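Its first residue numbered 1216, the sequence shown is counted upward by one per residue in the working numbering. Structure first, then comments.
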Amino acid sequence: MQIVVPVLTPFTKDGKVDKETLKEHVRNLIKYVDVVFVNGTTGLGPALSKEEKKETLSAVYDVTDKVIFQVGSLNLNDAVELVNFSKDFHLVGVASYSPYYFQRLPEKWILNYFNELSRKAEHDFYLYNYPSATGYDISAKLVNKIEGIKGLKDTNQDLAHSLEYKIANPHLIVYNGSDSLVYYSLLSLDGTVASVANHSPHLLSAMRRFIKEGKKEKALQVQLIINSMLDVMRRYGQLSSTYSMVEVMMGYKVGYPRPPIYPLSEEEIHQLKSEVEPLKRKAEELISG
Ligand code: FW2
């Protein structure tokens, strides 16, 4: 029942990775979560340069070695360079999403891409399957052909899809990456990779505690509050709202996203806050009661 946070990447106002803020954020998160997933979607991984991906790893690693390092790139040489870079670190694993954008890539090319990375990796290798973003759904059959694969994160609203990997290979570590399925992922898979862990790690940790104590009704209520928060956040732009939500829920600032993920305006932050406050109070009552 692992909780993995796909950590957001804080930027300065002029668009540089804000390493000190990132470290401080990870210091706060690691009290509640098991693993930090670096350069994921929430971390704006596809929008980071190779050098920035190295910077985020180095910063997070100053705080914890419980890290999965996402290296995916449309330029395989860059992805390989990142895998090689990771050899100097003691990590939980390296991960990659599928090549994307280009349509109808033959399956064997996709497999070649993953195998080139997994062979070079000195750490456990994980797949990040995110079909609605990459355009490629890596099937359980194909996953089992990736050499030495340790596990995967399946960002998918269909829990049955994530379960297929587990059924096809019970040894695989399988996480679901949907914020709205955290409860079900904790119950039926190896855990969750949830972007909400950036601003509500205490809620996820309480949800897991409730499950362990057999208080499933309470755990489900936490999920329903999270779903309501997501409804609000999506109206303002979920990725950008995640930054503002850290301040609303945790009380500290985590810098800015970087365009094309535009920061919320002061007015939007104010509105978001007023919509989320009642949910925050409800969550606090639930987890303290
Ligand atoms: C990541 C995640 C969570 C995402 C999900 C996408 O890397 O950010 O897949 O928030 O909506 O694993």
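All C-beta atoms in this analysis are idealised placements derived from N, C-alpha and C, irrespective of residue type, glycine included. In this text the structure is predicted, and so the values were computed from the model without any measurement.
Could you work out which residue in Lys1368, Gly1350, Ala1383 is closest to Ser1393 when comparing CA atoms only? In the sequence shown, the residue the question calls residue 1393 occupies position 178. Measuring from the Cα of Ser1393, the nearest candidate turns out to be Lys1368.
Measuring CA to CA, which of Val1309, Tyr1247, Val1248 is closest to Lys1269? Your numbering for residue 1269 matches position 54 in the sequence shown. Val1309 is the residue among Val1309, Tyr1247, Val1248 whose C-alpha sits nearest the C-alpha of Lys1269.
May I ask you to verify whether the stretch 1361 to 1379 touches the stretch 1398 to 1414, counting CB pairs closer than 8 Å and requiring at least 3? By the C-beta criterion, the stretch 1361 to 1379 is judged to be in contact with the stretch 1398 to 1414, since at least 3 inter-stretch pairs fall below 8 Å.
Starting from Asp1339, follow the beta strand (DSSP E) in both directions and report where the run begins and ends. The residue labelled residue 1339 in the question sits at position 124 within the sequence shown. Looking at the DSSP string, the run of the beta strand (DSSP E) that includes Asp1339 is 1339 to 1344.
Per DSSP, what are the beta-bridge partners of Pro1221 in this structure? For this step, residue 1221 is matched to residue 6 along the sequence shown. According to DSSP, which records beta bridges pairwise, Pro1221 is partnered with Phe1252.
Could you have a look at Val1278 and say whether DSSP puts it in helix, strand or coil? Residue 1278 sits at position 63 when you count from the first residue of the sequence shown. Three-state DSSP puts Val1278 in coil, outside helix and strand.
Shorter than 7 Å, the distance from the beta carbon of Pro1475 to the closest heavy atom of the ligand FW2, or not? Start at 1 with the first residue of the sequence shown, and residue 1475 comes out as number 260. Not under cutoff, so the answer is no.
Does the ligand FW2 have even one heavy atom less than 7 Å from the beta-carbon of Pro1221? For the purposes of this step, residue 1221 is identified with residue 6 of the sequence shown, where counting begins at 1. Flag set: Cβ of Pro1221 near the ligand FW2.
Any chance the CB of Ser1288 is under 7 Å from a heavy atom of the ligand FW2? For the purposes of this step, residue 1288 is taken as the residue at position 73 of the sequence shown. Ser1288: no, Cβ never under 7 Å from the ligand FW2.
C-alpha distance - Arg1450 paired with Gln1486, whole-angstrom precision: In the sequence shown, counting from the first residue as 1, residue 1450 sits at position 235. In the sequence shown, counting from the first residue as 1, residue 1486 sits at position 271. Each residue's Cα considered, the two are about 11 Å apart.
Extent of the continuous alpha helix (DSSP H) run through Val1241: The sequence position of residue 1241 within the sequence shown is 26, counting from 1. Looking at the DSSP string, the run of the alpha helix (DSSP H) that includes Val1241 is 1234 to 1244.
What are the complete alpha helix (DSSP H) segments, minimum 4 residues, inside the stretch 1344 to 1426? Those alpha helix (DSSP H) runs which fall completely within the stretch 1344 to 1426 and span 4+ residues are 1346 to 1349, 1355 to 1358, 1374 to 1383, 1397 to 1403.
If you count every other CB in all the chains shown that lies within 10 Å of the CB of Glu1267, and 16 or more means buried, which is it? By one-based count along the sequence shown, residue 1267 stands at place 52. So Glu1267 counts as buried.
For the candidate residues Ile1484, Lys1430, Lys1433, whose alpha-carbon lies nearest to that of Gln1453? By 1-based counting over the sequence shown, the position of residue 1453 is 238. With distances taken between Cα atoms, Gln1453 lies closest to Ile1484.
For Glu1490 and Leu1419, I'd like the C-alpha separation in whole angstroms. As a working mapping, residue 1490 is identified with position 275 in the sequence shown. As a working mapping, residue 1419 is identified with position 204 in the sequence shown. Going from the Cα of Glu1490 to the Cα of Leu1419 covers about 20 Å.
Looking at Leu1237 and Pro1225, is the spacing between their C-beta atoms short of 8 Å? Position 10 of the sequence shown, counting from 1, holds the residue named residue 1225. Position 22 of the sequence shown, counting from 1, holds the residue named residue 1237. Yes, they are a contact pair.
Run through the stretch 1254 to 1318 for me and flag every whole beta strand (DSSP E) of 3 or more residues, listed as ranges in chain order. DSSP runs (the beta strand (DSSP E)) wholly in the stretch 1254 to 1318: 1282 to 1285, 1308 to 1312.
In angstroms with no decimal places, state the Cα-to-Cα distance between Ser1301 and Gly1470. If you number the sequence shown from 1, residue 1301 lands on position 86. If you number the sequence shown from 1, residue 1470 lands on position 255. Between the C-alpha atoms of Ser1301 and Gly1470 there is a straight-line separation of about 26 Å.
Compare the C-alpha of Asn1327 against each of Leu1291, Gly1466, Ile1283, Ala1412 and name the closest. Working through the sequence shown from its first residue, we reach residue 1327 at position 112. Leu1291 is the residue among Leu1291, Gly1466, Ile1283, Ala1412 whose C-alpha sits nearest the C-alpha of Asn1327.
Can you determine whether any heavy atom of the ligand FW2 sits closer than 7 Å to the C-beta of Thr1257, and answer yes or no? Counting from 1 along the sequence shown, the entry for residue 1257 is found at position 42. Indeed, a heavy atom of the ligand FW2 lies less than 7 Å from the Cβ.
Opening and closing residue of the alpha helix (DSSP H) in which Glu1331 lies: As a position in the sequence shown, residue 1331 is number 116, starting the count at 1. Its alpha helix (DSSP H) spans residues 1322 to 1335.
Would the beta-carbon of Val1248 fall within 8 Å of that of Pro1416? On the sequence shown, residue 1248 is found 33 positions in, with the first residue counted as 1. On the sequence shown, residue 1416 is found 201 positions in, with the first residue counted as 1. Yes, the Cβ-Cβ distance between Val1248 and Pro1416 is below 8 Å.
Please return the same chain residues whose Cβ sits closer than 6 Å to the Cβ of Val1286, not counting the five positions on each side in sequence. As a first step, residue 1286 must be located in the sequence shown, where it is residue number 71. Excluding sequence neighbours, Val1286 sits near Ala1294, Leu1297, Val1298, Val1309, Ser1311.
Are there three or more Cβ pairs, one per stretch, closer than 8 Å when the stretch 1374 to 1384 is compared with the stretch 1333 to 1341? The stretch 1374 to 1384 makes no contact with the stretch 1333 to 1341; the number of CB pairs closer than 8 Å stays below 3.
Quick one: using the 10 Å Cβ neighbour count with 16 as the cut-off for buried, is Asn1413 buried or exposed? Your numbering for residue 1413 matches position 198 in the sequence shown. Burial is judged here by how many other beta carbons sit within 10 angstroms of a residue's own beta carbon; Asn1413 has at least 16 and is buried.
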